[in-house]
Structure formats: structure tokens, C-alpha cells
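If you read the sequence shown in this note's numbering, its first letter stands for residue 433, the second for the next number, and so on. All C-beta atoms in this analysis are idealised placements derived from N, C-alpha and C, irrespective of residue type, glycine included.
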Amino acid sequence: MPAPFATRPAPKLVFGPGVLRDLPACVRELGGTSVFLVSDPGLARAGYVERAHALLVAAGLPVTVFADSRENPTESDAAACAAAAHACVPAIDCLIALGGGSSLDTAKAANFLLSNGGVMHDYHGYAKAPRPFLPLIAIPTTAGTGSETQSYTLISRDGSHEKMACGDPQALPRIALLDPELTATLPRATGTLSGLDALAHALESAVCTKRNPVSALYAESAFRHLASALGRVVTGQPTADDRAAMLLGAALAGLAIENSMLGAAHASANPLTARHGIVHGHAVSLMLPTVMRHNATAPATAALYAHFATLLPTPASTAADLITWVEQTIATAALAPVDARPFDFVALADDATRQWTGKFNPVPLQLADFAALYRRALGINPTA
Ligand SMILES: [Zn+2]
């Protein structure tokens with residue numbers, strides 16, 4: 433019998449090449465009559481913001497654009513976005529987030545502040561916002577974070593830059609519009625790092641201690657889609673089908689996390705980002721194979737990995753086959769080398785033990801275990 437569990441709802445998923453054209457209908461479906469569109473300067477330059485704007489205006493929907501989202505949004509960034517939304521006349525009744533994880537997280541955070549006031553650190557944790565949120569439509573333009581299917585936003589504290597996960601059932605987008613045509617111009621490096629991050633989401637949620645029969649369905653489907661396409665994504669030659677598979681896979685991996693958790697690859701990656709500025713997808717890729725090898729020492733986890741090996745484009749049968757495939761995919765991506773000699777592995781390990789995600793790794797890890805993982809993953813002799 434499975435351990436007791438409770439699922440969390442999914443947004444309505446609207447998937448397909450060209451479905452951006454359904455955006456006005458999605459707004460009306462949610463009762464929206466006046467829209468606030470959150471995006472970033474890059475997407476504005478690429479013309480995507482104007483396309484979405486034109487569709488809404490043509491449908492008779494007033495729209496205000498905020499194209500100032502920034503990477504790793506802070507409390508101040510969220511407050512600026514909320515203030516711009518608050519100033520709209522007529523008052524807005526629907527939010528749209530168009531972009532990567534940062535635009536989605538900024539819009540989600542603004543929704544907390546618009547509807548409940550205060551500052552973002554009031555909402556650090558889960559379900560601390562009693563008043564009703566505005567409906568949010570998420571339109572991801574990278575295939576990676578899965579923020580479009582999750583009820584959390586990641587916001588950095590002003591000053592310390594500590595990442596806060598602020599969640600609420602109402603922060604979940606009501607609709608995720610998944611249009612693979614919007615990822616056609618994704619640069620190779622961004623597509624690779626966000627795709628490897630999504631892969632880690634599928635593989636970590638699949639084996640974490642909060643996995644359950646529902647999260648397992650999402651993780652398996654996510655993995656199937658991502659694995660079918662990643663080989664060409666990391667060499668910079670994705671087809672239209674590959675882009676569709678990545679976008680769908682990333683959204684499904686987001687649902688796998690929403691219904692379970694992550695694990696030690698994320699727990700050990702986050703300190704590498706915080707202390708050494710290594711981009712999230714890169715940091716996760718550095719740690720994932722080593723963490724999987726460690727996790728595979730647990731027979732139940734090895735059995736789950738062996739099952740995932742059967743889902744590979746060239747089906748295999750063992751946990752070792754899966755880990756080798758993950759390693760080769762990351763090696764093919766040829767990520768920039770990291771010189772870890774100046775890194776303080778004990779300090780990193782200390783940070784990793786405090787990461788919430790690490791508490792759900794299938795094999796429990798203490799400080800010495802994390803330090804050993806860093807030494808192994810970053811190419812330094814574990815006995816040195
Ligand atoms: Zn991640």
C-alpha cells in the first residue's frame with residue numbers, strides 16, 4: 433500500500449504550436465476584462481510581448497505591459513511589479529506572465545502583494561495569504577523551471593539575497609499556455625541548461641521520499657518527453673518536435689515537484705549558485721550524476737532508476753545504464769569547466785544540509801556525505 437499522500441491541483445494546460453492565439457479566450461474564460469502582462473526586456477526586444485499585446489488589444493481587452501522582470505527577482509522587484517499593476521486604470525482583474533522562470537516568479541510574487549499587501553518575506557513558507565488572488569495565466573518561453581505548473585515563487589530577500597520559497601494554493605497559475613513556437617529562438621546555452629534542470633526535476637521527484645502514485649505519473653511522463661529530445665537539444669539541433677517535447681516535459685516535471693519534492697542534487701546545487709554564482713541548471717548538472725550514484729546504493733531507488741532506463745530513447749535496463757546516459761548527455765552539452773580548487777567544500781556542505789529539498793532525498797545525507805559528494809562531483813580526489 434502506498435504511504436498516505438494528498439495531491440495538489442494542476443493548472444489547465446493548453447498545449448500546441450501556435451496556441452498563443454488562444455490567449456484572449458483564456459483571459460475571458462477566467463473572467464478577465466483588464467489585463468496586466470509581465471515579461472522581460474529580452475522578450476520585448478524579440479517581439480513576443482508585442483505579439484501577445486496585439487492579440488489582446490484586437491480582442492478588445494485593455495492591457496498594461498510590465499517588461500522589467502529581472503533574473504533572480506528580489507522583494508523590491510516584486511514590489512515594483514505590484515505597484516505598476518496597482519496603478520492601472522481600469523483596475524486589472526487578470527495577470528499574464530510571459531517569459532522564463534524570472535517573469536513567472538515576478539508575476540506570481542506581485543499577485544501575493546496585490547491581493548494581500550505587505551512584503552514578500554511575510555509569505556515565506558506556504559499558505560500565508562488569506563485574501564483571494566487574481567487569476568494568472570503563465571506562458572513559459574524556456575523549457576525548464578516548471579514554474580508554470582507550481583504554486584511557489586522563488587524570491588530573493590533584499591540585502592542578504594537568501595532565496596525564499598513563497599507558496600500558496602492560489603499562487604498556482606490557473607492556465608499554463610504551452611506554445612512550443614515561443615521557444616524556437618531559445619539560445620542553445622539557455623535551452624541546454626534549462627533542459628538539464630527539467631531532467632533533474634523529473635529524476636529527483638521520481639525517487640524522493642515524498643513520491644506517490646500521482647507524482648510518479650508526472651515524473652515518468654516528463655522524463656519520457658525530455659529524454660526523447662535532450663540529445664539534440666544539448667548539441668544545439670532540436671527539431672520542432674523536440675522543442676514541443678521539452679516544453680511539455682518541463683511543465684510535467686513541474687507538476688511532479690508540485691506533487692512531491694526534489695532531492696540532494698538541488699540541495700547541493702543551490703549553495704554552488706549562492707556562493708559561486710554558478711547558474712542553476714549548470715550547478716544541478718554538476719551534481720546530478722554523483723547524487724544519482726549515491727542514491728542508487730539504496731535498492732528501492734536503484735529499481736526506480738532501472739525502470740527509467742527502460743524509457744530511454746535506446747531502452748536499457750539498469751540504474752547504471754540510466755546514470756551513464758545522464759552523464760553522457762551532460763558531457764555532450766560541454767558546459768564550461770568549473771575550477772573548484774578555491775571552493776570550501778565543508779562550508780558548501782553545511783549550506784546543503786540546511787536546504788529544504790535535501791530533506792526528501794531517498795538516502796539521508798549528513799554534512800560529511802555532502803562534502804564527499806562535492807569532492808567527487810567536482811573532480812577532486814575524495815581522500816585529498
Ligand atoms: Zn531546478
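Cβ neighbours of F777 in the same chain (closer than 7 Å, five flanking residues each side left out): A803, Y806 and R807
Contact set for F498: own chain, Cβ-Cβ below 8 Å, skip 5 residues either direction: F468, L469, V470, S471, C513, A516 and A517
Same chain, Cβ closer than 8 Å to P601, neighbours up to 5 away in sequence not counted: These residues qualify, in order along the chain: R440, P441, A559 and S583.
Sequence-distant residues of its chain with Cβ nearer than 7 Å to Y480 (five each side left out): These residues qualify, in order along the chain: L530, T573 and L614.
Inter-stretch contact at 8 Å, needing at least 3 Cβ pairs: the segment 738-754 / the segment 597-612: no
Distance cut-off 6 Å: D537 Cβ against heavy atoms of ligand 1: no
Rounded distance between the beta-carbons of L452 and R477, thought under 8 Å: Their Cβ separation, rounded to whole angstroms, is 17 Å, which puts R477 and L452 out of contact at 8 Å.
Heavy atom of ligand 3 within 6 Å of D629 beta-carbon: With respect to ligand 3, the structure shown offers nothing to examine, as its ligands consist of ligand 1.
Expected contact under 8 Å - CB spacing of P794 and N727 to nearest Å: 5 Å
Y555 to T750 span [Cα, whole Å]: 43 Å
CA-to-CA distance, T722 to C526, given in whole angstroms: 44 Å
Buried versus exposed call for E594 [16 or more other C-beta atoms within 10 Å across all chains shown]: exposed
Outcome for R786 when other beta-carbon atoms lying within 10 angstroms are tallied against a minimum of 16: exposed
C-beta atoms of A561 and M552 nearer than 7 Å: Taking 7 Å as the cut-off, the Cβ atoms of A561 and M552 do not count as close.
Entirely enclosed alpha helix (DSSP H) segments - the segment 742-790, minimum 4 residues: 751-765 and 777-785
Under the three-state DSSP convention, the category G550 falls into: coil
Euclidean distance between Cα positions of H485 and S534: 19 Å
DSSP state of S583 mapped onto helix, strand, coil: Note: S583 maps to coil in three-state DSSP.
DSSP state of L604 mapped onto helix, strand, coil: coil
contact_flag[the segment 698-718, the segment 630-637] where n(CB pairs < 8 Å) is 3 or more: yes
Cβ neighbour criterion (16 or more within 10 Å) applied to M433: Classification of M433: exposed, given that the 10 Å Cβ count is below 16.
Cβ separation of H714 and L767, assumed to be a contact under 8 Å, to the nearest whole Å: 6 Å
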